[in-house]
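Peer 1: Before anything else, here's the structure in question.
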Amino acid sequence: MIKVCLADNHPVTHFGVKSYFKDHNDISIVANVGNFSMVRDILQTKDVDVLLLDLELEGLASIFEVKALLKNFPKTKIIIFSDLSEQMYAPNAIKAGVAGYVQKTEKLETLGNSIIKVHEGKIIINENVRKNMALIAKQSKSERLYRKLSNREIEVLRYLSDGKKNNEISKILNLNEKTISTYKLRLLTKLNVTNLVDLVNKAKTLEII
Numbered sequence: 001m002i003k004v005c006l007a008d009n010h011p012v013t014h015f016g017v018k019s020y021f022k023d024h025n026d027i028s029i030v031a032n033v034g035n036f037s038m039v040r041d042i043l044q045t046k047d048v049d050v051l052l053l054d055l056e057l058e059g060l061a062s063i064f065e066v067k068a069l070l071k072n073f074p075k076t077k078i079i080i081f082s083d084l085s086e087q088m089y090a091p092n093a094i095k096a097g098v099a100g101y102v103q104k105t106e107k108l109e110t111l112g113n114s115i116i117k118v119h120e121g122k123i124i125i126n127e128n129v130r131k132n133m134a135l136i137a138k139q140s141k142s143e144r145l146y147r148k149l150s151n152r153e154i155e156v157l158r159y160l161s162d163g164k165k166n167n168e169i170s171k172i173l174n175l176n177e178k179t180i181s182t183y184k185l186r187l188l189t190k191l192n193v194t195n196l197v198d199l200v201n202k203a204k205t206l207e208i209i
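Structure representation (structure tokens):
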């Protein structure tokens, strides 16, 4: 049986969730709390597998407190159960270590399935949020790599991606061919690839060029 604690400001939410899971085969609501200090008390005195946590819970000041909670009680998985926009708040919550984000507009059946999946070790977020997070991570990596490259290296990279040879690039840039070879070697090292094809493909994938 998965032991669940619901931390929420609203009595009607407590009543609805507790009533729904009253005779559930896999989930048991072992505690209901109305403020953040009570969450700590419960986790210190009871075994809780999954904590359903409202981000607007009384006494919860920031996502950093959620992160601290996860550090102090690593065996307890946290699902954010909230009215707040998943698109806006889920990414930071997931980065802080929570295992899922379920909006209160979802059916209680969906909440139940999410609790089970989280208990199994899965991360539960909306697919659009997942895609946005992946895109942001990709953009961040691209920006970091872009900052590592000099203007000249980017210039050489663009010519290489156009299929130009070292000697052609050296003439265009009025540089020694050996210098172009040095730039190419730096690019391979900085983008962590071993050949020209992978260099160009990675640069295009990360939208550096």
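In UniProt numbering, the protein residues as written are 1 to 209. Ideal placement from N, C-alpha and C gives every residue a C-beta, glycine not left out. The structure presented is a predicted model; accordingly, all values stated were derived computationally and were not measured.
1) How would you call Val4, buried or exposed, if buried means at least 16 neighbouring beta carbons within 10 angstroms?
2) Could you pull the start and end residues of the alpha helix (DSSP H) that Phe21 belongs to?
3) If we call anything under 7 Å between Cβ atoms a contact, is Leu53 one with Ile94?
4) Given Asp47, which residues of its chain have a CB within under 7 Å of its CB, disregarding the five upstream and five downstream residues?
5) How is Lys104 classed by DSSP in three states: helix, strand or coil?
6) Looking at the unbroken alpha helix (DSSP H) that takes in Ala203, where does it start and where does it end?
7) Provide the residue(s) that pair with Leu51 in DSSP beta bridges, ordered along the chain.
8) Please determine, among Leu51, Glu153, Leu188, the residue with the shortest C-alpha to C-alpha distance to Gly112.
9) Tell me which residue opens and which closes the alpha helix (DSSP H) that Ser170 is part of.
10) Counting pairs of Cβ atoms below 8 Å between the stretch 31-43 and the stretch 7-16, do you hit three or more?
Peer 2: Taking the structure as given:
1) Buried is the call here.
2) Run containing Phe21: none; DSSP gives neither H nor E here.
3) Taking the C-beta atoms as reference points, Ile94 is found no nearer than 7 Å to Leu53.
4) Leaving aside the five residues that flank Asp47 on each side, the residues in its chain whose CB is nearer than 7 Å to its CB run, in chain order, Lys3.
5) Correct three-state label for Lys104: coil.
6) Unbroken alpha helix (DSSP H) run through Ala203: 196-205.
7) Its beta-bridge partners are Cys5, Ile78.
8) The residue with the shortest Cα to Cα distance from Gly112 is Leu51.
9) 166-173 is the span of the alpha helix (DSSP H), which, as asked, contains Ser170.
10) They touch, by the three-pair rule.
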